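Undergrad: The structure that follows is given in the form of structure tokens.
In structure tokens, the structure reads:
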């Protein structure tokens, strides 16, 4: 999309990332962790962002929420609901966060205040952002706890975080995020710390909420199985760049990028035929460093060729799919 | 042939100190577990938080003494060995941990970390011999000899787990307990470590206990699978039969809950999650340990604990309704 277009004409998408980058400054140098991401999200859509350590997947969300560490800086644009989140002043961004944008994190215990009752923590956002009275906010809070299936919600609202299990705490976080009726929920590995059967419950709850309320979700995960269960679309990140993006079903049945292929092949499965050895991706994920002109995956790529010295653009590759690889059409 | 590692009716727990009005008590975490592991074989132990799988792993190498039952190392009970003999014998029964970096002393070079077990188990070795063994162990786990001079903070997660494995194999073990060894690693690194363990098993005839919550990883490495729920074995079976059709409803629920990277299959599993919380081991439900969450639970399940019974194909399951469980899959 052309940067000259007025912001108001861009609401075909709920969120549109345009050349979004994140840099961290340290000791005179700069590390690029998210590199010129272009990505659109429709209202109500569930988008998975998949990547390993250091892929920049979490920092991308932090940039949208204005939560980067003090030495981090985001550039480019993230047009959400007609406003560019990156250039918004803190006060205006706070308004957006209180009304339309929420985030949940991997570890629910460190996101909750251990000294405050759950109900008070939930009500706080409504009182602060929407000027609601305390009693009304508390009632709304326990209604939302009930919505995320916390048993005996009214009593649960009077408890403290340590009285809840990990799965329950993550439900509390989801309830808190949903209280402001967001158009977009950012979820950073929200089920990674949970047990398998509890993860399944939370994923079911999140799909149901996306369907019923029309809330769009960006779901950051390292687990392709989670993508298959909950996401409509998926973008695969490596070294801060999108390698491939498209509908989840197509991407997981026929990935085109050598990294996406490798990731799928190396994921152990219960239904596929067993091989004597698990397929591997040689080497280790890239960690930090200056921005490179080359494809960040090329040092580990079996299909590497001289052209890979220059990072290819993310181009259309089949229906609703985009691919950034010199092997256009797939490896 | 004597199994290299055996557990007979093993019950393990922790002592709770007494208070003003409370007597000291023993809280059993793992109850009545039976295992017979042979050289070259892997037993996968699967379960969720608090099911006792890590406690069991520690008891199997005698880091925790049993409350009841016994552990046998090649037919010998480690609890009856003299302290000196036990120390010698520990070379053969090793463990690797989930957080590979936390498992390494940050102030020691990797060379020193690796030579420590040799100093304990084979005090007669010269410095040169010990250095050779360290280099040999490093190369066996796919790291170059110059790693010996590095420190743990210089390692990635995958490299640190390789060091953990090198430390376990340097004393030429017969058994390694692998306690969630790949859970903290990136997917692409997980596969490398699983392959390494399988290669070492083939080379050295190692027996492995592979503890994990990830049924898909367990399938790749295990010959036999044991599912634990609240400290008890609820199912135990050869790998292929188990994955084809688990007998116990809890095992089936675990399998259904594990997301697979297959959109068509996952669509069918949406909305099938098991309701309810994991019960606490300190306060288990009466009757069957799974009865509070089991979709098929009847009155008998809440009243009477099902015993572990044998089924064709060398399988074990503890459920009053195994036949029903199988049909409902």
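Protein chains in written order, with the working numbering: chain A, 1 to 331; chain B, 332 to 660.
Glycine included, each C-beta is placed from N, C-alpha and C at the ideal position.
If you're wondering where the values come from, they're calculated on a predicted model, not measured in any experiment.
By the 10 Å Cβ neighbour count, where 16 or more other Cβ atoms means buried, how is residue 534/B classified, buried or exposed?
TA: With fewer than 16 Cβ atoms within 10 Å of its Cβ, residue 534/B is classed as exposed.
Undergrad: Can you check whether the C-beta of residue 594/B is within less than 8 Å of a C-beta belonging to chain A?
TA: Chain A, which has a Cβ nearer than 8 Å to the Cβ of residue 594/B, makes this yes.
Undergrad: In angstroms, rounded to a whole number, what distance separates the CA positions of residue 71/A and residue 260/A?
TA: Between residue 71/A and residue 260/A, the C-alpha separation is close to 31 Å.
Undergrad: For residue 506/B versus residue 351/B, is the C-beta spacing smaller than 8 Å?
TA: Against a cut-off of 8 Å, the Cβ pair of residue 351/B and residue 506/B comes out as no contact.
Undergrad: Using beta carbons (cut-off 8 Å, strictly below), is residue 423/B in contact with chain A?
TA: Not closer than 8 Å to any Cβ of chain A, the Cβ of residue 423/B fails to qualify, so no.
Undergrad: Which residues, in order along the stretch 549-583 of chain B, keep a beta-carbon less than 7 Å from a beta-carbon of chain A?
TA: From the stretch 549-583 of chain B, only 550, 551, 574 have a Cβ closer than 7 Å to chain A.
Undergrad: Go ahead and pull the three-state DSSP assignment for residue 106/A.
TA: Here residue 106/A sits in coil by DSSP.
Undergrad: Can you check whether the CB of residue 180/A is closer than 8 Å to the CB of residue 58/A?
TA: No; because the gap between Cβ atoms is not below 8 Å, this pair is not in contact.
Undergrad: Measuring CB to CB, does residue 190/A end up less than 8 Å from residue 106/A?
TA: For residue 190/A and residue 106/A, yes; Cβs fall inside 8 Å.
Undergrad: In chain order, what residues of the stretch 289-318 of chain A put their CB closer than 7 Å to some CB of chain B?
TA: If the cut-off is 7 Å between Cβ atoms, the stretch 289-318 of chain A has nothing near chain B.
Undergrad: Given that a residue counts as buried once 16 or more other Cβ atoms are within 10 Å of its Cβ, and exposed if not, what is residue 643/B?
TA: Residue 643/B should be labelled exposed.
Undergrad: Which of the three DSSP states, helix, strand or coil, is assigned to residue 308/A?
TA: Correct three-state label for residue 308/A: helix.
Undergrad: Can you give me the C-alpha to C-alpha distance between residue 233/A and residue 320/A, rounded to a whole angstrom?
TA: Their Cα atoms are separated by approximately 10 Å.
Undergrad: State yes or no: is the C-beta of residue 581/B within less than 8 Å of the C-beta of residue 621/B?
TA: Yes, these two residues count as a Cβ contact at 8 Å.
Undergrad: Quick one: grab the DSSP three-state call for residue 569/B.
TA: Residue 569/B: strand per DSSP, three-state reduction.
Undergrad: Of all the CB atoms in chain B, is at least one closer than 8 Å to the CB of residue 8/A?
TA: Its pLDDT being 44, under 50, residue 8/A is placed unreliably in this model, and the value from its coordinates should be taken loosely. False, the Cβ-Cβ gap to chain B never drops below 8 Å.
Undergrad: Is there a C-beta anywhere in chain A that falls below 8 Å from the one on residue 486/B?
TA: Taking Cβ atoms only, chain A never reaches closer than 8 Å to residue 486/B, which makes this a no.
Undergrad: Starting from residue 338/A, trace the alpha helix (DSSP H) both ways and give me its first and last residue.
TA: Since the first residue of chain A shown is 1 and the last is 331, residue 338/A is not available in this structure.
Undergrad: Can you list, in chain order, the residues of the stretch 495-525 of chain B whose Cβ is nearer than 8 Å to any Cβ on chain A?
TA: Hits within the stretch, in order: 517, 518, 519, 520, 521, 522, 523, 525.
Undergrad: Just to confirm the assignment: which complete beta strand (DSSP E) runs, minimum length 3, are found wholly within the stretch 500-528 of chain B?
TA: Counting only runs of 3 or more, we get 506-510.
Undergrad: Under 7 Å, CB to CB, which of the residues in the stretch 77-102 of chain A have a partner in chain B?
TA: Of all residues in the stretch 77-102 of chain A, none has a Cβ within less than 7 Å of some Cβ in chain B.
Undergrad: Which residues mark the beginning and the end of the beta strand (DSSP E) in which residue 424/B is found?
TA: First-last of the beta strand (DSSP E) with residue 424/B: 424-427.
Undergrad: Would you mind telling me which residues of chain A sit closer than 8 Å to residue 605/B, beta carbon to beta carbon, in chain order?
TA: Here the neighbours are 197, 200, 201.
Undergrad: Please classify residue 158/A as buried or exposed, where buried requires at least 16 other C-beta atoms within 10 Å of its C-beta.
TA: When all chains shown are included, residue 158/A counts as exposed.
Undergrad: According to DSSP, residue 152/A sits in a beta bridge with which residue or residues?
TA: Its beta-bridge partners do not exist; DSSP assigns none.
Undergrad: What is the rounded straight-line gap between the Cα of residue 615/B and the Cα of residue 277/A?
TA: Those two C-alpha atoms are separated by around 40 Å.
Undergrad: Residue 353/B to residue 611/B, Cα distance in whole Å?
TA: Straight-line Cα distance between these residues: approximately 21 Å.
Undergrad: Using the C-alpha atoms, what's the distance from residue 577/B back to residue 639/B?
TA: Cα to Cα, the separation comes out at about 14 Å.
Undergrad: Under 8 Å, CB to CB, which of the residues in the stretch 252-271 of chain A have a partner in chain B?
TA: From the stretch 252-271 of chain A, only 252, 253, 262, 263, 264, 266, 267, 268, 269, 270, 271 have a Cβ closer than 8 Å to chain B.
Undergrad: Can a CB atom of chain B be found closer than 8 Å to the CB of residue 52/A?
TA: Yes, contact with chain B.
Undergrad: Looking at residue 37/A: is its Cβ nearer than 8 Å to the Cβ of residue 20/A?
TA: Contact flag set, yes.
Undergrad: Which residues mark the beginning and the end of the beta strand (DSSP E) in which residue 373/B is found?
TA: First-last of the beta strand (DSSP E) with residue 373/B: 373-377.
Undergrad: Can you list, in chain order, the residues of its chain whose CB lies under 7 Å from that of residue 412/B, leaving out five sequence neighbours each side?
TA: Closer than 7 Å at the Cβ level, and outside the excluded window around residue 412/B, lie 420.
Undergrad: In angstroms with no decimal places, state the Cα-to-Cα distance between residue 503/B and residue 397/B.
TA: Their Cα atoms are separated by approximately 26 Å.
Undergrad: Going along chain B in order, which residues have a C-beta closer than 8 Å to the C-beta of residue 281/A?
TA: The answer, in chain order, is 519, 522.
Undergrad: Find the nearest neighbour of residue 138/A within the set 148/A, 129/A, 121/A, judged by alpha-carbon distance.
TA: Nearest C-alpha to residue 138/A: 121/A.
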